[in-house]
Every structure is written in C-alpha cells, then in structure tokens.
Amino acid sequence: MMQKFSIIPLLLLFGSTAFGQVLDSSGNPDTSYPGFYAWFDASDGVNGSGQPNDGDSAIMWVDNTGNGHDLIRVSSDVTRQPVFRATAANGAPALEFDGNDFIWANQTTEFGEIAVAKTMFIVAEVDTTDVNSYIFDSCTGAGRNALLTGQQASPDQWQIWTGTGLAGANGTPINRDVFEIHTLMIDAGLQEHAIGGAMQYTGAEGAQALKGFLLGSRYTTSDALVGHIAEILVYDENLSSTDRSDLEGYLDGKYNGPPPGPNLDVTNLVAGMTTTVEASNCTALGSVYFA
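The numbering of the sequence shown is this note's numbering, which starts it at 874 and goes up by one.
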C-alpha cells in the first residue's frame, strides 16, 4: 500500500542574493560603487538627515553617497522654495515644485561637473498644469544637460537637451499626474531615455559637461516644473543594461510596491510516484526548500 506524506514545513527562505555591483546585499544602491556620483532621496536628506515636517520648505538636499555633492542653494524668497511632502510619491516622500521653485548647487565647490558620460535615474511626476518645464538643468549656460517636458516647437513631449542639441526631436508624450521612473544616458553621440525600463527615444547629439545641478527649472530659473521629484541617482559613466535594470528594479519596488510573492500548488504528492510542483510569481530573490 502506498503511503501518503505531506511537505511539512515548506520553507521559503529569502536570503542574500547575488546583486549587480550597483546594489548592495540589501538590494539598495551601493554607495561604494566607484561611479556613483550623487544620490538625492526625499525619504532621507531633505534639510539634513531624516525628514522635515510635511509642508516645510526644502532648503537643502543632502547627497546620500557621502561625496558631498549636496544641493544647498535656494531662493531667498520662500515662495520660490520647493516644499517637502511626506506621502506624495505613492505614500513615499517627494519635493513639490509649484512652477516657481528651484534648488541647486554650483559647479565649482558644490555639485561639481561631470565632463563625459553620465547615467541618471529620476523618479518624478508632472502635473496637469505644467507647461514646457525643466526637471533638471545645469546651473550655467556654459555647460548644460537637461530634461525638458517640452518646448514651444514640440510641447508636451519629453526631451533631453545635451547642450548642443535636442535628443529625440519628437520626444515622447508626457504621462501626467503619475510618478514615473526615468532612466537617462547622456554622452557625446549617445543619448537614451527610458521610462519604467522601456526605451522611449534615442539621440546621437554632441554633449557638453553637466556643470552644477539645478532641480525644478531652467538654469535661468525660468520654465519651472509643476510637479514632484522623489529621488535621483547620478552615475558618472554609461551603466550597463544589467546595472540599469537592477536600479530600475530598486526604484520600482520602492515607489510601486514589491511584486506578489510566489504561489505554490502541490497536489497528489504520493511516495514512490512522480508529481508536479508548480510555482508562479517567482523572482530570483529566493529559493524554495522542502523538508
């Protein structure tokens, strides 16, 4: 007589996983990665460590890499300073820009400049009322890279300004009132813009250095954003597709929630017979052990 037995206990063990170099063993951006230039995260670093009160003006945004590329300059006019919002980004913090705000650091003693290739990840939302604004720009016209939400000739379209030309002359239409993860690669002869990991457009323009860093408007402090910025990662190199995917996964999990856990269907498990174990919604983050 064949004897039935059960799988007790079934252990799902989520231990350490072999992440790419850009992520640490916890799945967060690895600040020891050599090309990690700056990291601005609204959940830790606005006005210093931790979080300010909801509605406070943001007068500083600390670089969490430890490289000291902090954004420490704002207008003396409080009405032109971005505002901290504790739950704006799908429950996570973000800075709110009302079409008149900006925060920045210079290219000499503060943010510095990135002369060659750079890869950037930006979690941002563009409001319905935004018109042809800037998510970021350099702080000087002498060396510029920028991300625009459109121009008069091509309104309501994402575009990269390299300092010498527009990458993606036709751009991609703006999806408004939602937080999206933007991945930018900007180098001489190579520009790419992906949203949520999906490529939107490419370019082959020349490129200037990124000199200083200004969030929320053009370097002239005009054409200001109406929307929110939650997090920015800056690398001074062209990251591999694997590294980009790893960082997009980190941001997606943070702002859109983790994927559903694995579902196991175990039926008719009988000693001496072959059976089937089906699993769905699995990722590479763990292993299944039977005991």
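Every residue gets a Cβ at the ideal spot worked out from N, C-alpha and C, and that includes glycine.
Among the options, whose alpha-carbon lies nearest the alpha-carbon of residue i?
i            : options                : result
residue 939  : 908, 1052, 1129        : 908
residue 926  : 1085, 1058, 967, 896   : 967
residue 1065 : 1123, 1117, 981, 960   : 1117
residue 1094 : 1032, 906, 996, 946    : 946
residue 1062 : 1068, 1071, 978, 1081  : 1081
residue 948  : 912, 1088, 1039        : 1088
residue 936  : 905, 956, 1120, 914    : 914
residue 1004 : 1122, 1129, 1125, 1090 : 1090
residue 993  : 1068, 959, 898, 1039   : 1068
residue 957  : 983, 932, 998          : 932
By DSSP, does residue i sit in helix, in strand, or in coil?
i            : result
residue 1124 : helix
residue 958  : strand
residue 1114 : helix
residue 1094 : coil
residue 1045 : strand
residue 1119 : helix
residue 935  : coil
residue 1099 : strand
residue 951  : helix
Round the Cβ separation of residue i and residue j to the nearest angstrom and send it over; I've been treating them as touching at under 8 Å.
i            : j            : result
residue 1085 : residue 1011 : 5 Å
residue 1019 : residue 1031 : Going by Cβ atoms, the distance from residue 1019 to residue 1031 rounds to 11 Å, so no, they are not a contact pair.
residue 978  : residue 942  : 7 Å
residue 911  : residue 1107 : 4 Å
Applying the criterion that 16 or more other CB atoms from any shown protein chain within 10 Å of the CB defines a buried residue, is residue i buried or exposed?
i            : result
residue 1016 : buried
residue 1046 : exposed
residue 879  : Residue confidence for residue 879 is low, a pLDDT of 36 falling below 50, so the modelled location carries little weight and cannot support an answer.
residue 980  : buried
residue 954  : buried
residue 1028 : exposed
residue 1071 : exposed
residue 962  : buried
residue 951  : exposed
query = Which runs of the beta strand (DSSP E), 3 residues or longer, sit entirely within the stretch 969-1039?
reply = For the stretch 969-1039, the full-length beta strand (DSSP E) segments reaching 3 residues or more read 976-978, 991-999, 1007-1010, 1019-1023, 1028-1034 along the chain.
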